[in-house]
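*Asks:*
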Amino acid sequence: MARGYLVAGNWKMNGSSAANAALLEGLVRGVAECPAIDVLVCPPAVYLEAAHRHLAASPIALGAQNLSDQAKPGAFTGEVDAAMLNDVGCSHVLVGHSERRTLYGEDDACVARKFVVAQSGGLIPVLCIGETLAEREADATETVLKRQLDAVISAAGIAAFLNAVIAYEPVWAIGTGRTASTEQAQAAHAFIRGVIAKNDAKIANSVRLLYGGSVKADNAASLFSCEDVDGGLIGGASLKAPEFLAICASAQILAASRDA
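Numbering (the numbering used here), first residue to last: 115 to 374.
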């Protein structure tokens, strides 16, 4: 199997210059124990340049949490474009995180535009998709996931997923302490891969699918062992170096068996 594990940390609106420096120093030291996986951190935008300096000599990649849906710079107060993110060292950017969708009204069309702008600007989009509790209880999980995927496929084309990552976020399991069972996670990831496969089987087999719902050190191994789970998008646990590195260690162990 060609897919490798990716463990990504989404710091959300957390951090300070001093706290970030300590966290990144711990991650840089510890990630040397996980050479078989890819690691990504996504600090708040104001700390990206400083984070890039801390990570310069490490294999840890840098990502942003959001970007503008505008393709060119201009009179868009408060926005940050792909070129700016590239300029401060970013290789990735989260697109369509559930909090952007639910708190800030980003609909499928907006997310699709951001996906296209990210790739056009040389960034790897991490496309976040997932259902709310009400949608899951209404048995609408697959309908929601397909709608969110189809919006991006329609805007960017299926070939765009050769250079993208998809993160499945069951919204009902983010910050609630609830976690999808391994069966629920695998079922959702298998469905996502199946939607991609109906467009291009080869791309479906190569695109990395991350699980993003309350991953912690004590459940990472079971979630990452699912056939169609290729790592995680980690929230709160990414703010503590020992916890995040323990999650990375779980992926490192599984990477060896996946490659065997």
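For every residue, glycine included, the Cβ atom is placed at its ideal position computed from N, Cα and C.
Alpha carbon to alpha carbon, how far is residue 171 from residue 336?
*Replies:* 32 Å
*Asks:* From residue 332 to residue 159, what does the alpha carbon distance come to, in whole angstroms?
*Replies:* 30 Å
*Asks:* Which residue comes first and which comes last in the beta strand (DSSP E) that contains residue 325?
*Replies:* 322 to 325
*Asks:* From what residue to what residue does the alpha helix (DSSP H) around residue 306 run?
*Replies:* Counting along the chain, the alpha helix (DSSP H) containing residue 306 begins and ends at 296 to 313.
*Asks:* For the structure I just gave you, are there three or more beta carbon pairs, one from the stretch 310 to 324 and one from the stretch 349 to 362, closer than 8 Å?
*Replies:* Below 8 Å, too few C-beta pairs join the stretch 310 to 324 and the stretch 349 to 362 to call them touching: fewer than three.
*Asks:* Does the beta-carbon of residue 218 have 16 or more other beta-carbons within 10 angstroms, so that it is buried, or is it exposed?
*Replies:* exposed
*Asks:* Which residues bound the beta strand (DSSP E) around residue 242?
*Replies:* 238 to 243
*Asks:* Does the distance between the C-beta of residue 277 and the nearest non-hydrogen atom of the ligand GTP fall short of 6 Å?
*Replies:* By its list of ligands, the structure shown contains no ligand whatsoever, and the ligand GTP lies outside what it can speak to.
*Asks:* Quick one: is residue 190 buried, meaning 16 or more other Cβ sit within 10 Å of its Cβ, or exposed?
*Replies:* exposed
*Asks:* Rounded to a whole number of angstroms, what is the C-alpha to C-alpha distance between residue 196 and residue 246?
*Replies:* Our two residues, residue 196 and residue 246, have alpha carbons roughly 29 Å apart in a direct line.
*Asks:* Can you tell me which residues form a DSSP beta bridge with residue 211?
*Replies:* DSSP lists no partner for residue 211.
*Asks:* Taking 7 Å as the cut-off, decide whether the C-beta atoms of residue 165 and residue 157 are in contact.
*Replies:* yes
*Asks:* Measuring alpha carbon to alpha carbon, tell me which residue in 269, 250, 279 and 364 is nearest residue 294.
*Replies:* 250
*Asks:* On a Cα-Cα basis, can you pick out the residue from 366, 278 and 265 that is closest to residue 225?
*Replies:* Among 366, 278 and 265, the Cα nearest to that of residue 225 is on 265.
*Asks:* Quick check on residue 222: buried or exposed, where buried means 16 or more other Cβ atoms within 10 Å of its Cβ?
*Replies:* buried
*Asks:* Identify every residue that forms a DSSP beta bridge with residue 178.
*Replies:* 207
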